[in-house]
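J.: According to the working numbering, the stretch in the sequence shown is residues -11 to 38, in order.
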Amino acid sequence: GSGRIGDTDILVILTAWGSCPGCAEDLDCDERVGFDEVLQVISNWGPCGE
């Protein structure tokens, strides 16, 4: 990856929006990609920690 959480990550989440059992974009493991995932990406925006 780029070492940053940013606009590309939001686009990945939006592309997978909806029912998504077992997919990597389902950050909270509820078998759906939605607003909770967008909030997680935004809350971690910027450089990734090591």
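We treat Cβ as the ideally placed atom computed from N, Cα and C, and that holds for glycine.
Predicted model, so just to flag it, every value in this text is computed and none were measured.
Between residue -3 and residue 3, what straight-line distance do the alpha-carbon atoms span, to the nearest angstrom?
T.: C-alpha separation (whole angstroms): 10 Å.
J.: Any idea what DSSP makes of residue 31, helix, strand or coil?
T.: Residue 31 falls in the helix class under three-state DSSP.
J.: Please report how far the alpha carbon of residue 20 lies from the alpha carbon of residue 5, in whole angstroms.
T.: 7 Å
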